[in-house]
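So that you can map any letter, position 61 of the sequence shown is 53 in my numbering, and since no number is skipped, the others follow by simple counting. Input: a single structure, listed below in structure tokens.
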Amino acid sequence: MSHILISGGSRGIGGSVTLRFSVKGWNVTYLYVNEARITGDNILPVKCDVSDPEAVKKAVNEARERFGDIDVLVSNSGISKTGLATDFDFNDYRRIMDINFGGLFNLTNEIIPDMVRRKRGNIIAVSSMWGQTGASCEALYAATKGAVDSYVKSLAKELGPSGIRVNAVSPGVIDTDMMSSFDEETKKELADETPVGHIGKPSDVADLIYYLASDRSSFITGQIIGVNGGFLI
């Protein structure tokens, strides 16, 4: 049975990914920080701060002890903070960068050597369209996602000869906890700006991730694939 590890897998996009793969019969390890909301016989929740390399090492070892080799990594952990660029301090920079990009870095560093040894593997990062366009009042968040995109492309070139594919999904406006600070008027405006006329659901992103994890996408690597309803074309 295939084994997937998902960071930030308890809610939102990550929670939808956890549910999608578990009902399809995969063994699922997901990392969480505050609450393990999803359980099941083929699901292993592991509390882990992905910005801590030692915590990531311990979590990956626990996952392997339970379900064996990791076939697919989905790096989904992320935080954001809004404000003018000059409102952020160095601690904001470190925290947002350490989780949004550092989490991907720590996870791949821990998992890639085994994938290279086995000559197969699949890495999928959850980015954001703001990583491609930039975002007023979310400069740090957008910068971390730009770093994710570049890292994904670099890893794809580096790891392709070892049979490992690396891609990113780049969501647009998705109805997750990150939108909890938006009032209904703002949400409506965002929906109106989206050509399909509504904001996305976490399952829209999970659907793409499930496809990228399958053999049907065997010729796709190094891509930043939008899930944004046409918001960014």
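Positions of the beta carbon are idealized from the N, C-alpha and C atoms, including for glycine. Values in this document were obtained by computation on a predicted structure and should not be read as measured data.
Within 9 Å, strictly: CB atoms of residue 120 and residue 163
Against the sequence shown, residue 120 aligns to sequence position 128. Against the sequence shown, residue 163 aligns to sequence position 171. Yes; because the gap between Cβ atoms is below 9 Å, this pair is in contact.
Whole angstroms is fine: what's the gap from residue 11's alpha carbon to residue 22's?
Start at 1 with the first residue of the sequence shown, and residue 11 comes out as number 19. Start at 1 with the first residue of the sequence shown, and residue 22 comes out as number 30. Straight-line Cα distance between these residues: approximately 10 Å.
Which value, in whole angstroms, describes the spacing of the CA atoms of residue 146 and residue 197?
One-based indexing of the sequence shown puts residue 146 at position 154. One-based indexing of the sequence shown puts residue 197 at position 205. Roughly 23 Å separates the two Cα atoms.
Whose C-alpha, out of 213, 215, 202 and 194, is nearest the C-alpha of residue 221?
Counting from one through the sequence shown, the residue named residue 221 turns up at place 229. Among 213, 215, 202 and 194, the Cα nearest to that of residue 221 is on 194.
If we count the other Cβ atoms within 10 Å of its Cβ and call it buried at 16 or more, is residue 24 buried or exposed?
As a first step, residue 24 must be located in the sequence shown, where it is residue number 32. With 16 or more other Cβ atoms within 10 Å, it is buried.
In chain order, what are the residue ranges of uninterrupted alpha helix (DSSP H) at least 4 long that sit wholly in the stretch 32 to 100?
45 to 59 and 82 to 92
Helix, strand or coil at residue 168 [DSSP, three-state]:
The residue labelled residue 168 in the question sits at position 176 within the sequence shown. In the structure shown, residue 168 sits in coil (DSSP, three-state: anything other than H, G, I, E or B).
Along the alpha helix (DSSP H) that carries residue 157, what are the first and last residues, could you check?
Numbered from 1 along the sequence shown, position 165 holds the residue referred to as residue 157. Note, residue 157: premise wrong, no alpha helix (DSSP H); beta strand (DSSP E) at 156 to 163.
From the DSSP output, which residues share a beta bridge with residue 117?
Counting from 1 along the sequence shown, the entry for residue 117 is found at position 125. According to DSSP, which records beta bridges pairwise, residue 117 is partnered with 67 and 160.
Backbone secondary structure at residue 9 - three-state DSSP
Residue mapping note: residue 9 aligns to position 17 of the sequence shown, counting from 1. In the structure shown, residue 9 sits in a helix (DSSP, three-state: H, G or I).
Suppose contacts are defined by Cβ-Cβ distances below 9 Å. Is residue 107 in contact with residue 62 by that definition?
Position 115 of the sequence shown, counted from the first residue, corresponds to residue 107. Position 70 of the sequence shown, counted from the first residue, corresponds to residue 62. Result yes, Cβ atoms of residue 107 and residue 62 sit closer than 9 Å.
Which word fits residue 86, buried or exposed, when buried means at least 16 other C-beta atoms lie within 10 angstroms of its C-beta?
For the purposes of this step, residue 86 is taken as residue 94 along the sequence shown, with counting starting at 1. Classification of residue 86: exposed, given that the 10 Å Cβ count is below 16.
Roughly how many whole angstroms lie between the Cα atoms of residue 175 and residue 64?
If you number the sequence shown from 1, residue 175 lands on position 183. If you number the sequence shown from 1, residue 64 lands on position 72. Going from the Cα of residue 175 to the Cα of residue 64 covers about 36 Å.
Check for me: the beta strand (DSSP E) holding residue -2 runs from which residue to which?
Here residue -2 refers to the residue found at position 6 when the sequence shown is read from its first residue. Run containing residue -2: -5 to -1, per the beta strand (DSSP E) assignment.
Residue range of the beta strand (DSSP E) that residue 188 falls in?
Position 196 of the sequence shown, counted from the first residue, corresponds to residue 188. Premise fails: residue 188 is in no beta strand (DSSP E) and is neither H nor E.
Please report the distance separating the alpha-carbon of residue 58 from that of residue 34.
Here residue 58 refers to the residue found at position 66 when the sequence shown is read from its first residue. Here residue 34 refers to the residue found at position 42 when the sequence shown is read from its first residue. Taking the straight line joining both Cα atoms gives about 10 Å.
Note down the Cα distance separating residue 14 from residue 111, rounded to an integer number of angstroms.
Taking the sequence shown and counting its residues from 1, the one referred to as residue 14 is at position 22. Taking the sequence shown and counting its residues from 1, the one referred to as residue 111 is at position 119. Using only the alpha carbons, I get a separation of about 25 Å.
Distance between residue 216 and residue 79 (C-alpha atoms, nearest Å):
Within the sequence shown, the letter at position 87 stands for residue 79. Within the sequence shown, the letter at position 224 stands for residue 216. C-alpha separation (whole angstroms): 30 Å.
Suppose contacts are defined by Cβ-Cβ distances below 9 Å. Is residue 123 in contact with residue 136 by that definition?
Here the question's residue 123 lines up with position 131 in the sequence shown. Here the question's residue 136 lines up with position 144 in the sequence shown. The answer is yes: Cβ separation under 9 Å.
Relative to the C-alpha of residue 151, which candidate in 169, 104 and -3 has its C-alpha closest?
The residue labelled residue 151 in the question sits at position 159 within the sequence shown. Selected option, being the one with the closest Cα: 104.
Element boundaries [beta strand (DSSP E), containing residue 136]:
Along the sequence shown, one-based indexing puts residue 136 at 144. Unbroken run through residue 136 is the alpha helix (DSSP H), 131 to 151; no beta strand (DSSP E).
Return the CA-CA distance between residue 95 and residue 88, expressed in angstroms with no decimal places.
Stepping through the sequence shown from its first residue, residue 95 is reached at position 103. Stepping through the sequence shown from its first residue, residue 88 is reached at position 96. About 10 Å.
Taking residue 153 as the reference, give the member of -7, 3, 214 and 77 with the closest Cα.
Here residue 153 is taken as the residue at index 161 of the sequence shown, counted from 1. When each option's Cα is compared against that of residue 153, the closest is 214.
With burial defined as no fewer than 16 other Cβ atoms inside 10 Å of the residue's Cβ, what is the status of residue 93: buried or exposed?
Translated into positions along the sequence shown, residue 93 becomes position 101. It is buried - the Cβ of residue 93 has at least 16 other Cβ atoms within 10 Å.
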